[in-house]
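Undergrad: Okay, so the sequence shown: first residue is -4 according to the working numbering, each after it adds one.
Okay, handing you the structure first.
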Amino acid sequence: MTGTHLGRLVWKEYRTQRGLWLGIAAIILVVQLMVWWLMPPNERAPLAALMSIGMILSTFYALGSAAVAFAGEREEGTAGWLGSLPVASLTVLVGKLAWLAASWASTVALALAAAWL
């Protein structure tokens, strides 16, 4: 497994899923803001409630991202292309898992930071 191949596979996953990531990030921010804004000023949503909203939506992102990462290859017809690459199947799997972990962690960080602010 070389770093160049792994980096390119992670970049491929990023390009495939950046729309999903940006969409969920925007939804997290909008929902947290709406919950905070719609509460009466003396009963503003506590930090734990806003963090819970972010964590729940981040979990939905992780499920959707995993579905796109694995099932999407068959839908797009790129499963055969990935199989023909001169890299081990493990490298392809590690690239997908690296993207999933990094993007989910960034979604959680965004959600928690937005709740805290």
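C-beta atoms are modelled at their ideal positions from N, C-alpha and C, and glycine is treated no differently.
My guess is that A109 and L24 are in contact by the Cβ rule of under 8 Å, so how many angstroms apart are they, rounded?
TA: As a position in the sequence shown, residue 109 is number 114, starting the count at 1. As a position in the sequence shown, residue 24 is number 29, starting the count at 1. Sure, about 5 Å apart at Cβ, within 8 Å.
Undergrad: Check the C-beta distance from L42 over to W111 and give it rounded, since I have them as a contact under 8 Å.
TA: Position 47 of the sequence shown, counting from 1, holds the residue named residue 42. Position 116 of the sequence shown, counting from 1, holds the residue named residue 111. 7 Å between Cβ atoms; contact.
Undergrad: Hey, quick one: how far does the alpha helix (DSSP H) through L88 stretch, first residue to last?
TA: As a first step, residue 88 is located in the sequence shown; it is residue number 93 there, counting from the start. S84 to W111 is the extent of the alpha helix (DSSP H) around L88.
Undergrad: Look at the alpha carbon of A61 and the alpha carbon of E8, and state the distance between them as a whole number of angstroms.
TA: The count along the sequence shown starts at 1 and reaches residue 61 at position 66. The count along the sequence shown starts at 1 and reaches residue 8 at position 13. Cα to Cα, A61 sits roughly 11 Å from E8.
Undergrad: Quick check on M34: does DSSP put it in helix, strand or coil?
TA: One-based indexing of the sequence shown puts residue 34 at position 39. Residue state, collapsed to three classes: coil.
Undergrad: Taking 9 Å as the CB-CB limit, is E8 close to chain C?
TA: Reference to chain C is not applicable here, since this structure consists of a single protein chain.
Undergrad: In its own chain, which residues sit with a C-beta less than 6 Å from the C-beta of A20, not counting the 5 before and 5 after it?
TA: Indexing the sequence shown from 1 puts residue 20 at position 25. Once the five neighbours on either side are set aside, the close Cβ partners of A20 are L105.
Undergrad: Excluding sequence positions up to five away, which residues of its chain have a Cβ less than 8 Å from the Cβ of I22?
TA: Locating residue 22 in the sequence shown gives position 27, where the first residue counts as 1. Cβ neighbours of I22 beyond the five flanking positions: L52.
Undergrad: According to the neighbour-count rule (16 or more other Cβ atoms, all chains shown, within 10 Å of its Cβ), is W6 buried or exposed?
TA: Position 11 of the sequence shown, counted from the start, is the residue given in the question as residue 6. Exposed.
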